[in-house]
Amino acid sequence: MDQHHLAFVISDIARLYRRRFDERTRSFGITGPQMRALVQIMRFPGINQGALAERLDVEPITTCRMVDRLEQADLVERRRDPNDRRAWQLYLTETAMPIAQELQTIGQGLLNESLDGVDKATHDIVMSALGRIRDNLNRVADDGGNEHAKVTSHG
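The numbers in the numbering used here rise by one with no breaks, and the one at position 137 of the sequence shown is 137.
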């Protein structure tokens with residue numbers, strides 16, 4: 001097996017998925033990264049900015065600026081973490097909920113289209129293999145002592 005080819009295919013699929021998603025959501029008037037942030041905040045209400053940065057694979061300062069813009073647009077609300085007064089938890093506003101739900105619906109539709117012609121057995125095998133690859137990469141991160149490099153399912 002050509003591992004370089006596998007990594008390229010995985011990267012290419014992610015790039016194409018983001019591109020198609022951005023094409024379908026351009027009319028929302030917010031950027032692709034902002035859309036992904038809204039969906040993550042919807043899935044994980046109360047997520048802090050550091051965890052959001054990790055899920056989006058961006059620097060914390062980038063996330064802070066993104067959340068600033070989403071807050072100014074009345075899409076995200078920051079609340080003090082009751083367990084850590086220095087930290088902020090993020091929640092969608094009522095204005096953002098229908099937008100985030102529509103983004104999630106569009107994303108699921110795109111995923112369904114991308115899996116056209118892939119039967120359940122093949123899907124299960126691919127997901128199992130990709131899960132193993134992710135676990136192996138997390139183990140490599142653990143062995144290297146970099147806890148921040150560890151990634152879990154975004155499910």
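By construction, the Cβ of each residue, glycine as well, lies at the ideal position given by its N, Cα and C atoms. Here the structure is a predicted model, which is why all the values come from computation and not from measurement.
_Bounding residues of the alpha helix (DSSP H) (the contiguous stretch that carries residue 73)_ = For this step, residue 73 is matched to residue 73 along the sequence shown. For residue 73, there is no enclosing alpha helix (DSSP H), as DSSP marks it with neither H nor E.
_Measuring only the C-alpha atoms, how far is residue 155 from residue 43?_
Reading the sequence shown from its first residue, position 155 is the one you call residue 155. Reading the sequence shown from its first residue, position 43 is the one you call residue 43. At residue 155, the pLDDT of 49 sits below 50, so the modelled position is not reliable; the number obtained from the coordinates is stated separately. Looking at the two C-alpha atoms, the distance is approximately 9 Å.
*Report buried or exposed for residue 6, applying the criterion of at least 16 other Cβ atoms within 10 angstroms of its Cβ.*
Here residue 6 corresponds to residue number 6 of the sequence shown, with the count starting at 1. Residue 6 comes out exposed.
*Might you give, ordered along the chain, the residues of its own chain that have their beta carbon closer than 8 Å to the beta carbon of residue 47, omitting 5 neighbours on each side?*
Working through the sequence shown from its first residue, we reach residue 47 at position 47. Setting aside the 5 residues that flank it on each side, residue 47 is surrounded in the same chain by 40, 41, 55, 89, 90, each with a C-beta closer than 8 Å to its C-beta; the list follows chain order.
_When you compare the CB positions of residue 77 and residue 63, do they come within less than 8 Å of one another, or not?_
Locating residue 77 in the sequence shown gives position 77, counting from the first residue. Locating residue 63 in the sequence shown gives position 63, counting from the first residue. At least 8 Å separates the beta-carbon of residue 77 from that of residue 63.
*Indicate, with yes or no, if the ligand NAP has a heavy atom lying under 7 Å from the CB of residue 139.*
As for the ligand NAP, it is missing from this structure, which has no ligand bound.
*With a cut-off of 8 Å on the beta carbons, I'd call residue 49 and residue 33 a contact; round off their distance for me.*
As a working note, residue 49 is residue 49 in the sequence shown. As a working note, residue 33 is residue 33 in the sequence shown. Their Cβ separation, rounded to whole angstroms, is 14 Å, which puts residue 49 and residue 33 out of contact at 8 Å.
*asked:* Measuring CB atoms only, is the stretch 15-25 touching the stretch 104-120, in the sense that at least three cross pairs come out at less than 8 Å?
replied: yes
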